[in-house]
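K.L.:
The structure under discussion is supplied below as structure tokens; questions concerning it will follow.
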Amino acid sequence: MSRILKYLAYGGALLLLLAVAYGAKGYFDALHDADGLRQRADRLIAAGLGGSDLGPGRLEILLKVQDPAFAEHAGIDFTTTGAGATTVTQSLSKRLAFDRFRPGIGKIRQTGYALGLERRLDKAQIMALWLDTLEMGRGPNGWMTGFYRASEAIFKRPPAALTEDEFLRLVAVLIAPANYDLRGEDMALDDRVERIKRLVAAQCAPMDHGDVWLEGCR
Numbered sequence: 045m046s047r048i049l050k051y052l053a054y055g056g057a058l059l060l061l062l063a064v065a066y067g068a069k070g071y072f073d074a075l076h077d078a079d080g081l082r083q084r085a086d087r088l089i090a091a092g093l094g095g096s097d098l099g100p101g102r103l104e105i106l107l108k109v110q111d112p113a114f115a116e117h118a119g120i121d122f123t124t125t126g127a128g129a130t131t132v133t134q135s136l137s138k139r140l141a142f143d144r145f146r147p148g149i150g151k152i153r154q155t156g157y158a159l160g161l162e163r164r165l166d167k168a169q170i171m172a173l174w175l176d177t178l179e180m181g182r183g184p185n186g187w188m189t190g191f192y193r194a195s196e197a198i199f200k201r202p203p204a205a206l207t208e209d210e211f212l213r214l215v216a217v218l219i220a221p222a223n224y225d226l227r228g229e230d231m232a233l234d235d236r237v238e239r240i241k242r243l244v245a246a247q248c249a250p251m252d253h254g255d256v257w258l259e260g261c262r
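Using this note's numbering, the letters of the sequence shown correspond one by one to residues 45 to 262.
Shown next as structure tokens:
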């Protein structure tokens, strides 16, 4: 029995080392990619496609739903109510660092990459890249990628020119873009929008860290 326990301990230690190494690979990959990503982000910001260009108060609304502690955390957040398991930076990392992301072990490299991005890019640059790469669901010409492109495709206007309801529909779809339809009536999307409205108006709050569906705002 003691020999079996010893082998199990060795196996556990080896798995831990492999996990650390895989996370470190993500971190150093992000450092390697950082210069190109910084340039790309700066071009987006210069073109008026950054977080500050969404319209007055709009970035704050978006972050209240998607990543409430974005301005303070270093890429990961295990505690903030409503934050869920994936920060904005981790979400961006999933699209930048993987040809095809697989949950589970992929989360380790994703997290390492996010920490690397936070080390080399500022928050405005991370936000611009995130907005540009977001999956936004089906549009009139097929699958949409990018918050600004989706706004133009669906509403024919940039986010800053949208009504509050229109903007919140774009925000609402982010949690499950394949499940919602921005092109017409969608009762499930309408329900999500109403929950977000109550959250933004401080009429409710997420129940806990994992309440990304806003069950506390039903």
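We treat Cβ as the ideally placed atom computed from N, Cα and C, and that holds for glycine.
Give the secondary structure of Arg36 by DSSP, where H, G and I count as helix, E and B as strand, and everything else as coil.
P.N.:
In the structure displayed, the chain extends from 45 to 262; residue 36 sits before or after that span and is not available.
K.L.:
Excluding the 5 residues preceding and the 5 following Pro112 in the sequence, name in chain order all residues of the same chain whose CB lies nearer than 7 Å to its CB.
P.N.:
The sequence position of residue 112 within the sequence shown is 68, counting from 1. Correct list, in chain order: Thr124, Gly126 and Ala127.
K.L.:
Using CA atoms only, rank isn't needed, just tell me which of Arg139, Asn185, Thr133 and Ala129 is closest to Ala273.
P.N.:
Only positions 45 to 262 of the chain appear in this structure, which leaves residue 273 out of reach.
K.L.:
Report the residue from Asn185, Phe191 and Trp187 whose alpha carbon sits nearest the alpha carbon of Thr177.
P.N.:
Within the sequence shown, numbered from 1, the residue matching residue 177 stands at position 133. For the residues Asn185, Phe191 and Trp187, the minimum Cα distance to Thr177 belongs to Phe191.
K.L.:
Note down the Cα distance separating Pro250 from Leu81, rounded to an integer number of angstroms.
P.N.:
Looking up residue 250 in the sequence shown gives position 206. Looking up residue 81 in the sequence shown gives position 37. Each residue's alpha carbon lies about 33 Å from the other.
K.L.:
Quick one, are the C-beta atoms of Ala222 and Arg182 less than 9 Å apart?
P.N.:
What you label residue 222 is simply residue 178 of the sequence shown in a count that begins at 1. What you label residue 182 is simply residue 138 of the sequence shown in a count that begins at 1. Taking 9 Å as the Cβ cut-off, Ala222 and Arg182 qualify as a contacting pair.
K.L.:
Between the alpha carbons of Ala74 and Ser135, how many angstroms are there, rounded?
P.N.:
Against the sequence shown, residue 74 aligns to sequence position 30. Against the sequence shown, residue 135 aligns to sequence position 91. Distance between the alpha carbons of Ala74 and Ser135: 14 Å.
K.L.:
For the alpha helix (DSSP H) that contains Met188, what are its first and last residues?
P.N.:
For this step, residue 188 is matched to residue 144 along the sequence shown. Where Met188 is concerned, there is no enclosing alpha helix (DSSP H), although the beta strand (DSSP E) it sits in stretches over Gly186 to Thr189.
K.L.:
What residue range is occupied by the uninterrupted beta strand (DSSP E) comprising Arg139?
P.N.:
Start at 1 with the first residue of the sequence shown, and residue 139 comes out as number 95. No beta strand (DSSP E) contains Arg139, which is instead part of the alpha helix (DSSP H) from Val132 to Leu140.
K.L.:
Do the region 230–248 and the region 205–221 make contact, defined as three or more Cβ pairs closer than 8 Å?
P.N.:
Cβ pair count under 8 Å is three or more, so yes.
K.L.:
Which of helix, strand or coil does DSSP assign to Gly128?
P.N.:
Taking the sequence shown and counting its residues from 1, the one referred to as residue 128 is at position 84. Note: Gly128 maps to coil in three-state DSSP.
K.L.:
Report back the beta-carbon spacing between Arg139 and Gly70 to the nearest angstrom; my notes put them in contact at under 8 Å.
P.N.:
Within the sequence shown, the letter at position 95 stands for residue 139. Within the sequence shown, the letter at position 26 stands for residue 70. No, Arg139 and Gly70 are not in contact; Cβ-Cβ is about 13 Å, not under 8 Å.
K.L.:
Using beta-carbon positions only, say whether Leu93 and Leu106 come within less than 9 Å of one another.
P.N.:
Counting from 1 along the sequence shown, the entry for residue 93 is found at position 49. Counting from 1 along the sequence shown, the entry for residue 106 is found at position 62. Contact: no.
K.L.:
Does Lys76 pass the burial test, meaning 16 or more other C-beta atoms within 10 Å, or should it be called exposed?
P.N.:
Within the sequence shown, residue 76 is the residue found at index 32, counting from 1. Per the sequence shown, residue 76 should be read as His rather than Lys. So His76 counts as exposed.
K.L.:
Give the list of continuous alpha helix (DSSP H) stretches no shorter than 4 residues that lie fully inside the region 154–220.
P.N.:
167–177, 191–199 and 208–217
K.L.:
Rounded to whole angstroms, how far is the Cβ of Ala172 from the Cβ of Ala85, which I believe are closer than 8 Å?
P.N.:
Counting from 1 along the sequence shown, the entry for residue 172 is found at position 128. Counting from 1 along the sequence shown, the entry for residue 85 is found at position 41. Contact annotation, Ala172 with Ala85: C-beta distance approximately 5 Å; criterion of less than 8 Å satisfied.
K.L.:
Here's the rule I'm using: 16 or more other beta-carbon atoms within 10 Å means buried, otherwise exposed. How should Ala158 be labelled?
P.N.:
As a working note, residue 158 is residue 114 in the sequence shown. Result: buried.
K.L.:
Over the uninterrupted alpha helix (DSSP H) stretch that includes Arg266, give me the two end residues.
P.N.:
It is not possible to answer for residue 266, since the shown part of the chain is limited to 45 through 262.
K.L.:
For a test of the three-state rule: what should DSSP assign to Leu266, helix, strand or coil?
P.N.:
Outside the shown range of the chain (45 to 262) lies residue 266, about which nothing can therefore be said.
K.L.:
For Ile149, count the other beta carbons within 10 Å of its own beta carbon; 16 or more makes it buried, fewer makes it exposed. Which is it?
P.N.:
In the sequence shown, the residue the question calls residue 149 occupies position 105. Classification of Ile149: exposed, given that the 10 Å Cβ count is below 16.
K.L.:
Going along the chain, which residues of its own chain have a beta-carbon closer than 8 Å to the beta-carbon of Pro203, five neighbours each way excluded?
P.N.:
In the sequence shown, residue 203 corresponds to position 159, counting from 1. Around Pro203: Asp97, Leu98, Gly99, Arg102, Phe191, Tyr192, Ser195, Phe211 and Leu214.
K.L.:
Tell me which residues share the same chain as Phe199 and place their Cβ nearer than 7 Å to its Cβ, disregarding the 5 neighbours each side in the sequence.
P.N.:
In the sequence shown, counting from the first residue as 1, residue 199 sits at position 155. Same-chain partners within the cutoff: Leu206 and Glu210.
K.L.:
Using the Cα positions of Trp259 and Met188, report the straight-line distance between them to the nearest angstrom.
P.N.:
Locating residue 259 in the sequence shown gives position 215, where the first residue counts as 1. Locating residue 188 in the sequence shown gives position 144, where the first residue counts as 1. Sequence check: residue 259 is Glu here, not Trp. Taking the straight line from one Cα to the other gives about 27 Å.
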